[in-house]
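Trainee: Quick one: structure below, then a few questions.
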Amino acid sequence: MAITLNVSYAPMSKQTDAYVIKNPHQVTNAFTITEASEAVDALKTGDQEKISQLKDFLKDYDMTSISTAELKKVGRRLLDEGMISERAFGMFISGDGASDANGRQTNTHVKFNAIALFNEKLGDTKAFFKSEPAVARQDGAMDHLQGMIDANQAVAALAYFVKSSNNDFSINEHA
Numbered sequence: 114m115a116i117t118l119n120v121s122y123a124p125m126s127k128q129t130d131a132y133v134i135k136n137p138h139q140v141t142n143a144f145t146i147t148e149a150s151e152a153v154d155a156l157k158t159g160d161q162e163k164i165s166q167l168k169d170f171l172k173d174y175d176m177t178s179i180s181t182a183e184l185k186k187v188g189r190r191l192l193d194e195g196m197i198s199e200r201a202f203g204m205f206i207s208g209d210g211a212s213d214a215n216g217r218q219t220n221t222h223v224k225f226n227a228i229a230l231f232n233e234k235l236g237d238t239k240a241f242f243k244s245e246p247a248v249a250r251q252d253g254a255m256d257h258l259q260g261m262i263d264a265n266q267a268v269a270a271l272a273y274f275v276k277s278s279n280n281d282f283s284i285n286e287h288a
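For the sequence shown, the numbering used here assigns the number 114 to the initial residue and increments by one for each residue that follows.
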């Protein structure tokens with residue numbers, strides 16, 4: 114006599130909904146940049162030509178209305194130019210976080226406010242780490258948090274460059 118088990122497991126899904134932005138109209142926060150030198154510092158470059166090229170590249174983007182697909186392009190450009198870390202790039206390419214049952218990103222064309230998204234994700238992560246200190250002490254946790262901070266600084270710099278009409282971003286230093 115053979116024993117047959119009739120056990121069925123619930124199908125596992127990798128589906129996630131898009132991150133719900135609590136304050137979708139947020140355009141300023143602790144990372145807001147008001148001066149060119151701050152924007153240049155945030156992107157770790159003082160190269161006038163790179164900044165001019167970046168500003169030209171950004172003319173079609175708005176950090177308060179950008180899609181995951183567009184963030185991927187912007188993030189790739191910043192990573193390739195050495196302006197952001199791989200951890201910060203991870204924030205850019207994850208976009209709003211929506212994925213289907215197989216874990217593939219969905220609705221990559223849907224626009225959202227990256228300034229608010231990045232800031233709120235950072236706040237949520239800090240709150241989670243505070244509520245779960247053991248997680249915060251795990252390897253990579255602080256690197257992840259620093260990547261989120263770097264991404265917030267980068268998107269603030271990009272927002273500054275997008276809205277700035279000044280094409281000269283050199284830093285004038287007088288001895």
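By construction, the Cβ of each residue, glycine as well, lies at the ideal position given by its N, Cα and C atoms.
In this text, all values refer to a predicted model and were calculated from it rather than measured experimentally.
(1) Go ahead and label asparagine 215 buried or exposed: buried means 16 or more other beta carbons lie within 10 angstroms of its beta carbon, across all protein chains shown.
(2) Would the segment 261-278 count as touching the segment 148-157 if we require 3 or more Cβ pairs under 8 Å?
(3) Comparing C-alpha positions only, which one of Pro137, Thr221, Lys185 sits nearest to phenylalanine 177?
(4) Restricting to runs no shorter than 4 residues, where is the alpha helix (DSSP H) found entirely within the segment 155-204?
(5) Relative to the C-alpha of isoleucine 258, which residue among Arg190, Ile134, Val133, Glu199 is closest?
(6) In angstroms, rounded to a whole number, what distance separates the CA positions of methionine 125 and lysine 168?
(7) When burial is assigned at 16 or more other CB atoms within 10 Å of the CB, is glutamine 266 buried or exposed?
(8) Closest by CA to serine 180, which one among Ile197, Thr221, Ile164, Asp193?
Mentor: In this structure, then:
(1) In the sequence shown, counting from the first residue as 1, residue 215 sits at position 102. By the 10 Å Cβ count, asparagine 215 comes out exposed.
(2) A contact between stretches requires three or more CB pairs, one per stretch, nearer than 8 Å, and the segment 261-278 meets this requirement with the segment 148-157.
(3) Taking the sequence shown and counting its residues from 1, one reaches residue 177 at position 64. Note on identity: in this sequence residue 177 is threonine, with phenylalanine being the wrong assignment. Ranking the options by Cα distance to threonine 177, first place goes to Pro137.
(4) Within the segment 155-204, the complete alpha helix (DSSP H) runs of at least 4 residues are 161-170, 181-193.
(5) In the sequence shown, the residue the question calls residue 258 occupies position 145. Correcting the residue type first, residue 258 is leucine in the shown sequence and not isoleucine. Distance check between leucine 258 and each of Arg190, Ile134, Val133, Glu199 places Glu199 closest, using alpha-carbon atoms only.
(6) Here residue 125 corresponds to residue number 12 of the sequence shown, with the count starting at 1. Here residue 168 corresponds to residue number 55 of the sequence shown, with the count starting at 1. Each residue's alpha carbon lies about 44 Å from the other.
(7) In the sequence shown, counting from the first residue as 1, residue 266 sits at position 153. By the neighbour-count rule (16 or more Cβ atoms within 10 Å), glutamine 266 is buried.
(8) Here the question's residue 180 lines up with position 67 in the sequence shown. Taking only the C-alpha atoms, the option nearest serine 180 is Thr221.
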